[in-house]
Amino acid sequence: MQSEKKFTTWVEDYSDILFGYLLKHGLPKEIARDILQETFLAAWRNMDSFRAEASVKNWLFVILKNKITDHYRKLANKVSENSIDLDTVGEHFFDNSDHWNKGAYPQNFKGNFESPVETKEFYKLLRTCGNRLKEIQNAVFSMKYIEGLSSEEICKELNISSSNYWVLIHRAKLQLRACLQKNWMEN
Amino acid sequence: MKTSVTCKKAIDLISKKEEGKITLWQRFQLWKHFAECSLCKLFNIQNKTIVDALPYIQHDISEPLSAEEKKEIVDNSIHTK
Numbered sequence: 001m002q003s004e005k006k007f008t009t010w011v012e013d014y015s016d017i018l019f020g021y022l023l024k025h026g027l028p029k030e031i032a033r034d035i036l037q038e039t040f041l042a043a044w045r046n047m048d049s050f051r052a053e054a055s056v057k058n059w060l061f062v063i064l065k066n067k068i069t070d071h072y073r074k075l076a077n078k079v080s081e082n083s084i085d086l087d088t089v090g091e092h093f094f095d096n097s098d099h100w101n102k103g104a105y106p107q108n109f110k111g112n113f114e115s116p117v118e119t120k121e122f123y124k125l126l127r128t129c130g131n132r133l134k135e136i137q138n139a140v141f142s143m144k145y146i147e148g149l150s151s152e153e154i155c156k157e158l159n160i161s162s163s164n165y166w167v168l169i170h171r172a173k174l175q176l177r178a179c180l181q182k183n184w185m186e187n
Numbered sequence: 188m189k190t191s192v193t194c195k196k197a198i199d200l201i202s203k204k205e206e207g208k209i210t211l212w213q214r215f216q217l218w219k220h221f222a223e224c225s226l227c228k229l230f231n232i233q234n235k236t237i238v239d240a241l242p243y244i245q246h247d248i249s250e251p252l253s254a255e256e257k258k259e260i261v262d263n264s265i266h267t268k
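Read top to bottom, the protein sequences are chains U and C.
Residue 1 is where the first sequence starts when you use this note's numbering, and the numbers rise one by one after that.
Residue 188 is where the second sequence starts when you use this note's numbering, and the numbers rise one by one after that.
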């Protein structure tokens, strides 16, 4: 009973901050909820191994980060199994001679990002377009551009090859830019 | 050595350049390509805008979990065998 009470306090005190961390790293809400649940489940099961002198928050973050890594690795395994898909990188963007397809020509964005309103709109669109990327692409993007990890660190973390990494980056960039162009044109 | 690269290759080099992972020769190839291809040149400018903005994206973190959601986490943890 004592431990249940203690555990409930942990959930009340730290679930928001852990959940926020997951979202900040570009994980979709549903996945973030699952990882949060798994984290607390692991914490509950391993409560005995928690040392009272350590910080609960830090301990929970260690578990959380391990769960994120597990999740990313599962995603990355799917990518490795699906190598044919990787060969078709940019097929809609480029023609047979690897030059831009007419329908995919980069065009100027409608907005300039000088005014605060436009900037706000730009960030909103960027977030929307980022969420449209495949989860693994979003993961690589978040690790690279938000966490600032190097390609070597990301490959190690996700357990993917360097060539898979570059393909993911390459494709995500093409898609993200195209999505921004499309939406700025239409709005 | 070939001085020209395709657009697809140029886009790939843009990413590698960001991490300082291109040779001097590839740098030249990219520079030459931009001089000849306004599409890739525009892509490069827009890509920089995007990449510079990415670290400042605010994800939807304002919404805290509800009391029910927290209770569910506790219940699911305690009652899972």
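Backbone N, C-alpha and C fix where the C-beta goes; we use that ideal spot for every residue, glycine too.
If you're wondering where the values come from, they're calculated on a predicted model, not measured in any experiment.
Practice problem: Starting from the Cα of U/Gln2, find the closest Cα among U/Leu176, U/Phe141, U/Tyr105 and U/Trp44 and give me that residue. | Solution: U/Trp44
Self-check item: Burial state of C/Ala254 (16 or more Cβ within 10 Å)
Solution: exposed
Quiz item: In whole angstroms, what separates the C-alpha of U/Cys179 from that of U/Ser142?
Solution: 17 Å
Self-check item: Simplified DSSP assignment, three categories, for C/Phe215
Solution: helix
Quiz prompt | Cα-Cα separation between U/Glu135 and U/Tyr72, rounded to whole angstroms | solution = 9 Å
Exercise. Inspect the CB distances between the region 3-10 of chain U and the region 43-62 of chain U and report whether three or more fall short of 8 Å.
Key: yes
Exercise. Using a Cβ cut-off of 8 Å (strictly closer), state whether C/Thr267 contacts chain U.
Key: yes
Practice problem: Consider the Cβ of C/Glu206: report whether some Cβ of chain U lies at a distance smaller than 8 Å. | Solution: yes
Quiz item: Under 8 Å between the Cβ atoms of C/Ile237 and U/Leu125?
Solution: no
Practice problem: Using a Cβ cut-off of 8 Å, pull out every chain U residue sitting near C/Phe230, in sequence order please. | Solution: Pro106 and Arg177
Practice problem: Please check the pair U/Phe122 and U/Gln181, which I expect to be a contact at CB under 8 Å, by giving their CB distance rounded to whole angstroms. | Solution: That pair is no contact at about 12 Å.
Quiz item: Looking at the C-beta of U/Trp184, does it have a partner C-beta in chain C at a distance below 8 Å?
Solution: no
Quiz item: Can you tell me where the alpha helix (DSSP H) with C/Asp199 in it begins and where it stops?
Solution: Cys194 to Glu205
Quiz item: DSSP state of U/Phe94, grouped into three classes?
Solution: strand
Quiz item: What's the C-alpha gap between U/Gln175 and U/Ser161?
Solution: 21 Å
Self-check item: Neighbour flag for C/Gln233 against chain U, beta carbons, 8 Å
Solution: yes
Exercise. Could you confirm whether any beta carbon from chain U is found closer than 8 Å to the beta carbon of C/Leu241?
Key: yes
Exercise. Can you check the region 120-146 of chain U for any alpha helix (DSSP H) of at least 4 residues that lies completely inside it and give the ranges in chain order?
Key: 135-141
Quiz item: To which residues of the same chain is C/Phe221 closer than 7 Å at the C-beta, ignoring the five residues directly before and after it?
Solution: Cys227, Lys228 and Asn231
Quiz prompt | U/Glu53, enclosing alpha helix (DSSP H) - first and last residue | solution = Per DSSP, U/Glu53 belongs to no alpha helix (DSSP H) and is neither H nor E.
Practice problem: Measure the C-alpha to C-alpha separation of U/Trp184 and C/His266 and round it to an integer number of angstroms. | Solution: 49 Å
Practice problem: With a threshold of 16 other CB atoms inside 10 Å of the CB of U/Val62, please say whether the residue is buried or exposed. | Solution: exposed
Quiz item: By Cβ distance, which residues of its chain are closer than 6 Å to C/Tyr194, with the 5 residues on each side in sequence left out?
Solution: Before going on, a small fix: residue 194 of chain C reads as Cys here, not Tyr. Cys227.
Practice problem: Can you give me the start and stop residues for the alpha helix (DSSP H) that U/Gln37 sits inside? | Solution: Lys29 to Arg45
Quiz item: Shorter than 8 Å from the beta carbon of U/Gly130 to some beta carbon of chain C?
Solution: yes
Exercise. Tell me whether C/Ser264 is buried or exposed, calling it buried when 16 or more other Cβ atoms sit within 10 Å of its Cβ.
Key: buried
Quiz item: Which word fits U/Lys57, buried or exposed, when buried means at least 16 other C-beta atoms lie within 10 angstroms of its C-beta?
Solution: exposed
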